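Please read the structure below before turning to the comments.
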Amino acid sequence: MSIRVSHVSIYRWMRHFASFFRTVSHFLLQKANLQSDEWHVDETYIKVKGQKHSLWILLDSETRVVIAFCLSSVRDSNTALTLFEKSRNITDASPLTIITDGLDAYNMPILLAYPKSKHHRYPSFADDCSNNVLESFNKTFKAWYKTKKGFHSFDSAMDMISNFLFYYNFIHSHSSLSDQAPACVAGVLYSQEQANHWFLF
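Oh and the sequence shown: position 88 is 88 in the numbering used here, straight run, nothing missing.
So, in structure tokens, the structure goes:
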């Protein structure tokens, strides 16, 4: 068609529809079966306005669904608790075990939010019960993030990350999940027509 679209226009579209994708994601994940043996939590660094921020991710190991995320300039218990409060707003499920690194900030929030779950802190990747599932996600995220070279504002970072996670959970097929999207593995039902509609809204 010889139509050229500026990358700036695409960026603006993504920002504009971010709230729509967040609404759809929240609605659909409430229907997901996330009652599994293990959830994994980890943080990775990104830059917002040139400053380091921590992206906190909570992921279900069996379905690979990213249940919740939180972006913060600090790594403390309040941020960890915010992450778990977000997950509780999405699902009533609770795992047998929540796996984290050695960060002390996780201890009290897990006790408060998921008192029946065992908290396993892994000392190293040599541990049999490591956080490799989430480290694999981080590699996927970093490959996408690398092209962004950081974010210009906190709001733009939140919008772009939530869009990425929507694609990751509902559209992107994973070879480790028999070429299905994580949400499909978690029992969320939606047709290809619905998926196409999301991007034609």
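Glycine residues also receive a C-beta, built at the ideal position from the N, C-alpha and C atoms. Owing to the predicted nature of the structure, the values given are computational and were not obtained by experimental measurement.
Classification of residue i by the beta-carbon crowding that lies within 10 angstroms, buried from 16 upward
i    : result
P188 : Checking the displayed sequence, the identity of residue 188 turns out to be Val instead of Pro. Classification for V188: buried.
T147 : exposed
N169 : buried
A186 : buried
R4   : exposed
I171 : exposed
V48  : buried
H53  : buried
Range covered by the alpha helix (DSSP H) that runs through residue i
i    : result
L83  : S77 to I90
Y162 : Before going on, a small fix: residue 162 reads as Ser here, not Tyr. Note, S162: alpha helix (DSSP H), F154 to F170.
L96  : No alpha helix (DSSP H) contains L96, which DSSP labels as neither H nor E.
V41  : Unbroken run through V41 is the beta strand (DSSP E), E38 to V48; no alpha helix (DSSP H).
A113 : N107 to A113
Cut-off 8 angstroms between Cβ atoms - residues of its own chain near residue i, not counting five sequence neighbours on either side
i    : result
W56  : V41, D42, E43, F69, C70, L71, S72, T79, A80 and L83
D179 : S173
D37  : S61, E62, P95, L96 and T97
Where the beta strand (DSSP E) through residue i begins and ends
i    : result
T147 : Run containing T147: none; DSSP gives neither H nor E here.
L59  : Q51 to D60
L71  : V66 to S72
Proximal residues to residue i (C-beta, below 7 angstroms), its chain only, five neighbours per side dropped
i   : result
Q35 : A93
Nonlocal neighbours in the same chain, by C-beta distance under 6 angstroms from residue i, ignoring five residues either side
i    : result
K118 : T97
For residue i, the nearest candidate out of the options (CA to CA)
i   : options             : result
R64 : A195, E135 and G150 : E135
*Please determine if the region 41-52 and the region 89-104 are in contact, where contact requires at least 3 C-beta pairs separated by less than 8 angstroms.*
yes
*How do the region 137-151 and the region 160-167 stand: do at least 3 beta-carbon pairs fall below 8 angstroms, yes or no?*
yes
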